[in-house]
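Take a look at the structure below.
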Amino acid sequence: LITSFHPMRCFLFKDGLVRFATDKYSNDKASLNNLFSHLTNSSINKHSPSLNHHKDTVGAGCKWSLSHLRRYLREHGVDDHYVFARIKNILILTVLA
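So for the sequence shown, the working numbering puts the first residue at 33; every next one is plus one.
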């Protein structure tokens with residue numbers, strides 16, 4: 033959340049939503065028009081035939097809480113603190129750009 037640009041004031045919330053596409057991503061040119069595999073917009077994915085199907089890893093639906101994602105990363109041997117420190121740096125550099 034950016035509350036001011038001069039002076040710069042922005043806040044990064046500890047929890048929020050993580051959105052996933054409802055179809056598995058493919059870089060095959062034949063799938064370029066499949067909005068359900070390339071976009072994470074909920075207003076699009078709510079029309080996906082596979083929205084409520086159980087998908088590998090994500091399960092049913094297309095949203096997780098941020099805490100769920102961090103737990104998933106830790107359970108799979110990924111240092112979630114390192115990942116989110118990198119994300120925080122990207123956000124700061126983006127706002128400053």
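Every residue gets a Cβ at the ideal spot worked out from N, C-alpha and C, and that includes glycine.
This one's a predicted model, so the numbers in the text were calculated from it and none came from an experiment.
Chain-order list of residues whose beta-carbon lies under 7 Å from that of residue i (same chain, five-residue window excluded)
i           : result
residue 101 : 50
residue 44  : 120, 123
residue 47  : 97, 98, 99
Residue i (DSSP reduced to helix, strand or coil)
i           : result
residue 37  : strand
residue 112 : helix
residue 117 : helix
residue 129 : coil
Strand pairing of residue i, partner residues [DSSP]
i          : result
residue 44 : None, per the DSSP bridge assignment.
residue 95 : 51
Through-space distance from residue j to residue i, alpha-carbon basis
i           : j           : result
residue 41  : residue 34  : 6 Å
residue 104 : residue 110 : 9 Å
residue 129 : residue 114 : 23 Å
residue 99  : residue 52  : 15 Å
residue 37  : residue 62  : 43 Å
residue 60  : residue 127 : 33 Å
Beta-carbon proximity list for residue i, same chain, < 6 Å, skipping 5 on both sides
i           : result
residue 106 : 112
Own chain residues within Cβ distance below 8 Å of residue i, not counting five before or after
i           : result
residue 116 : 102
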